[in-house]
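Chains as they are written, first to last, in the working numbering: chain C, 105 to 268; chain D, 29 to 459.
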Amino acid sequence: MTTATLERSTLSDTAVEQFLYLEARLQDEHRYDEWEALWASEDTLYWVPRRQDADPAREVSYIYDNRARLASRIRQLNTGVRHSQAPKSSLRRLISNIEISRNGDDVEVQSNFILIESRRANLTTWAGRTTHMLAPAENGFRIKRKTVVLVNCAEAIDNLAFLV
Amino acid sequence: MATAPQIQSVIDYRHLVQDGRLHGSLYTSPQIFADEMEQIFHRGWSFVAHDSEIPNTGDFVVRRVGTQSLIAVRSKDGEVHVFYNRCPHRGATLCQTSSGHRSRIACPYHAWTFALDGRLIGLPDEAAYPADFSKADAGLTPVARMDSYGGFIFVNLIPNELTLREHLGHATELIDALLGLSPTGRIQLSAGWMKHKMRSNWKMIVENQVDGYHAPMVHGSLIAANRTFATVRDRKPTSPTRVRDFGMGHSDIDHASDYRAAGDRLFRWTGGIDPERLPGYVKAMNDAYGPEDARRRLIEGPPHSMLFPNLSLAEMNIMVIEPVSPQHSIQYTIPVFLEGADDLNARTLRRCEGAMGPAGMLIADDAEIGELTQMGVANLEPEWIILSRGMGKEEVLANGVKLAGLMDETSQRGFWTHYREVMAASQEVSQ
């Protein structure tokens, strides 16, 4: 590997990480429109399965949003009277264990997260493994597909009305 | 100043549950919760599982009924058995996962091993037991009574006087209506259950399931954002939709009356799918029931109902309410797949995800309002909850079923009337 390709790869990995941090911050701060703008304009999937290795064609998922449903979800949050996020949860998440692989221009990123939700007197811990499929775009990337497998996805979970 | 009920006093349920008003302590008192687990969930019939969840020999599910963990398992002869999830030897939990498949049930503690019909078939070093020890007496303990209707399996842990059919009463027509949307008359609950933590008393969930009054307020954000959720649109006080009190604590919101009034358009209950996009299903229904009856079924759609105490046929979803404590419950949700309707089932699955469960654009907001209500009733004043909307204006049919307007609280009063009878009657016996 030449120095030039090494540098490009390193920069590129940094760019991917920065993109994940940007997305996390927009989610934590309920900046719904800016978060939606990170997505590609069509053929996207936002998936939160109910168990590891689920078959979404046969099994129910917590979230299985195509592009239109994702837009609908954001419109609902933007009304300001989505009761389960009015008032909004106070959120901060950490992203780590980032692993990046490339297939042509597409980038697959796997990462772990720990998310703390403060809502009324309750402090709720969320955690899981996220897989992003990113496509290069002007000023960075666009999300084509995002899968979030919660560590407790097979158990009873609290309201998940914020963006995970 | 009102006072919370005293622990160990005998609770006067006929006083706490009045016609048109309820005492707030019904949602908060640990003693009342303990009474309910015994009188309603253990002494009465409760839904435990559906036949289609355990189609093959060795399939099992683990469910809670009241305070009890139960295993429903299909044995080699095809029969369903429901056992307590407890080893008869030293009491260990037998099945730890909520569902699975086993050829036999082995205890993790000392490897006592049971056939799927509950017989003890093996244990290490059996010879060390006294001569009077008999494996025949040490099998899994089945529940006292089990029966099913339309594949819905119910259990009764402490035997009561009622048969399941007597308990279900007129509510069998609700189950019939759901099954009748399948060309084979059968449903499949195979998509897995979403489990949703609710920070509210189980009875608030029951009441909300058949509440036609809250939708414009609680679900206003969904109405604004997504107009395809058909029954959420049905929210005008002038709607032809009736709420119905079937007796025995069962009730529904009969959206079919609205669908019929709107003319002969099919599939309004799916959010308005064009019938031409479901050719396989429509043909199968026509073949099964004849064009006229098939048409009626496809106009009227599924029930939106609550069967006392824990089973909701919630249109194309089944929801089950599991009480955890006075302030906590778990709501289980699964989409209903109709046998012989694969083209519709794919849409039902996606629709369930959009509306239901912890991230659902509908139910997350119901959960939130439930939590606010639970927090509210913890305040001792005002003592009473008002539940008199539409009271005295009901139409009573010859069979005793009561009808009222979409936004009337007749459905909830139906639940509470039966609740009062069950809770008070069993207490009067024990005194």
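Each residue gets a CB set at the ideal place from its N, CA and C atoms; glycine is no exception. If you're wondering where the values come from, they're calculated on a predicted model, not measured in any experiment.
{"Check": "What residues from chain C crowd round D/Ile397, counting only those whose CB sits closer than 7 Å?", "Outcome": "His187"}
{"Check": "Hey, is D/Met29's beta-carbon within less than 9 Å of any beta-carbon in chain C?", "Outcome": "Its pLDDT being 46, under 50, D/Met29 is placed unreliably by the model, and the measurement read from it follows with that caveat. No, no contact with chain C."}
{"Check": "Sorted by chain position, which residues of the same chain lie with C-beta nearer than 8 Å to D/Phe180's C-beta, five sequence neighbours on each side aside?", "Outcome": "Phe75, His78, Asp79, Ile203 and Leu339"}
{"Check": "Who are the near neighbours of D/Thr141 in its chain, counting only those whose CB is closer than 8 Å to its CB and skipping five residues on each side?", "Outcome": "Arg132, Ile133, Ala134, Cys135, Leu148, Ile149, Gly150 and Leu151"}
{"Check": "Using a C-beta cutoff of 9 Å, does C/Glu146 count as contacting chain D?", "Outcome": "no"}
{"Check": "Tell me whether C/Asp262 is buried or exposed, calling it buried when 16 or more other Cβ atoms sit within 10 Å of its Cβ.", "Outcome": "buried"}
{"Check": "Hey, is D/Glu107's beta-carbon within less than 9 Å of any beta-carbon in chain C?", "Outcome": "no"}
{"Check": "In the structure shown, what three-state DSSP assignment does D/Ile391 receive?", "Outcome": "helix"}
{"Check": "Contact between the stretch 431-446 of chain D and the stretch 261-274 of chain D is defined here as three or more beta-carbon pairs at a separation below 8 Å; is this criterion met?", "Outcome": "yes"}
{"Check": "In chain order, what residues of the same chain lie with their CB nearer than 6 Å to the CB of D/Gln237, ignoring the 5 residues before and after it?", "Outcome": "Met334 and Ser340"}
{"Check": "In the DSSP assignment, what are the bridge partners of C/Ala231?", "Outcome": "C/Ile218"}
{"Check": "Within the continuous alpha helix (DSSP H) that includes D/Lys231, where are the two ends?", "Outcome": "Trp230 to Gln237"}
{"Check": "Using 9 Å as the threshold, is the C-beta distance between D/Met389 and D/Ala243 below it?", "Outcome": "no"}
{"Check": "With DSSP as the reference, identify every bridge partner of D/Asn345, one or two as the case may be.", "Outcome": "D/Ala342 and D/Pro363"}
{"Check": "Just grab the DSSP bridge partners of C/Asn226 for me.", "Outcome": "C/Arg223"}
{"Check": "Can you list, in chain order, the residues of its chain whose CB lies under 6 Å from that of D/Tyr112, leaving out five sequence neighbours each side?", "Outcome": "Thr169"}
{"Check": "Can you tell me the Cβ-Cβ gap for D/Tyr241 and D/Arg42, rounded? I've got them flagged as a contact below 8 Å.", "Outcome": "At roughly 26 Å, the Cβ-Cβ gap does not stay under 8 Å, so D/Tyr241 and D/Arg42 are not in contact."}
{"Check": "Going by beta-carbon coordinates alone, are C/Arg196 and C/Leu227 separated by less than 9 Å?", "Outcome": "no"}
{"Check": "Beta-carbon of D/Trp221 versus every beta-carbon of chain C: anything under 9 Å?", "Outcome": "yes"}
{"Check": "Three-state secondary structure (DSSP) at C/Asp62?", "Outcome": "Absent from the model: residue 62 of chain C. The displayed extent of chain C is 105 to 268, so no value can be given."}
{"Check": "Please name the residue in D/Gly329, D/Ser53 and D/Gln46 whose C-alpha comes closest to that of D/Glu409.", "Outcome": "D/Ser53"}
{"Check": "I'd like the list of long-range same chain contacts for D/Glu188, defined as Cβ closer than 7 Å, with 5 residues on each side in sequence excluded.", "Outcome": "One detail in the question is off: residue 188 of chain D reads as Asn in this sequence, not Glu. The residues are Arg71 and Gly72."}
{"Check": "Note down, in chain order, each residue of its chain lying with its Cβ closer than 8 Å to the Cβ of D/Tyr177, except the 5 sequence neighbours on either side.", "Outcome": "Leu192, Arg193, Leu196, Thr200 and Ile203"}
{"Check": "To which residues of the same chain is C/Leu130 closer than 6 Å at the C-beta, ignoring the five residues directly before and after it?", "Outcome": "Glu138 and Trp139"}
{"Check": "Count the other CB atoms within 10 Å of the CB of C/Gly208; is the residue buried (16 or more) or exposed (fewer)?", "Outcome": "exposed"}
{"Check": "Use the C-beta contact count for D/Gly398: other C-beta atoms within 10 angstroms, 16 or more gives buried, fewer gives exposed.", "Outcome": "buried"}
{"Check": "Roughly how many angstroms separate the alpha carbons of D/Asp145 and D/Ile82, rounded to a whole number?", "Outcome": "14 Å"}
{"Check": "Could you check what DSSP says for D/Arg263 in three-state terms: helix, strand or coil?", "Outcome": "coil"}
{"Check": "Measuring CB atoms only, is the stretch 246-258 of chain C touching the stretch 149-167 of chain C, in the sense that at least three cross pairs come out at less than 8 Å?", "Outcome": "yes"}
{"Check": "List, in order along the chain, the chain D residues whose C-beta lies closer than 7 Å to that of C/Gln131?", "Outcome": "In chain order: nothing, as chain D lies at least about 14 Å away."}
{"Check": "Counting Cβ pairs, one atom from each stretch, are 3 or more of them under 8 Å apart for the stretch 281-296 of chain D and the stretch 348-356 of chain D?", "Outcome": "no"}
{"Check": "Between D/Phe103 and chain C, is the shortest Cβ-Cβ distance under 9 Å, so that the two count as touching?", "Outcome": "Note that residue 103 of chain D is Ser in the sequence shown here, rather than Phe. Chain C contact via Cβ: absent."}
{"Check": "Could you tell me the distance, in whole angstroms, from the CA atom of D/Gln59 to the CA atom of D/Thr376?", "Outcome": "40 Å"}
{"Check": "May I ask you to list, following chain order, the residues of the stretch 204-219 of chain C that have a beta carbon less than 9 Å from some beta carbon of chain D?", "Outcome": "none"}
{"Check": "Buried or exposed for D/Asp280, going by 16 or more other Cβ atoms inside 10 Å?", "Outcome": "buried"}
{"Check": "Against chain D, does C/Gly184 count as a neighbour if the rule is that its beta carbon must be under 9 Å from one of theirs?", "Outcome": "yes"}
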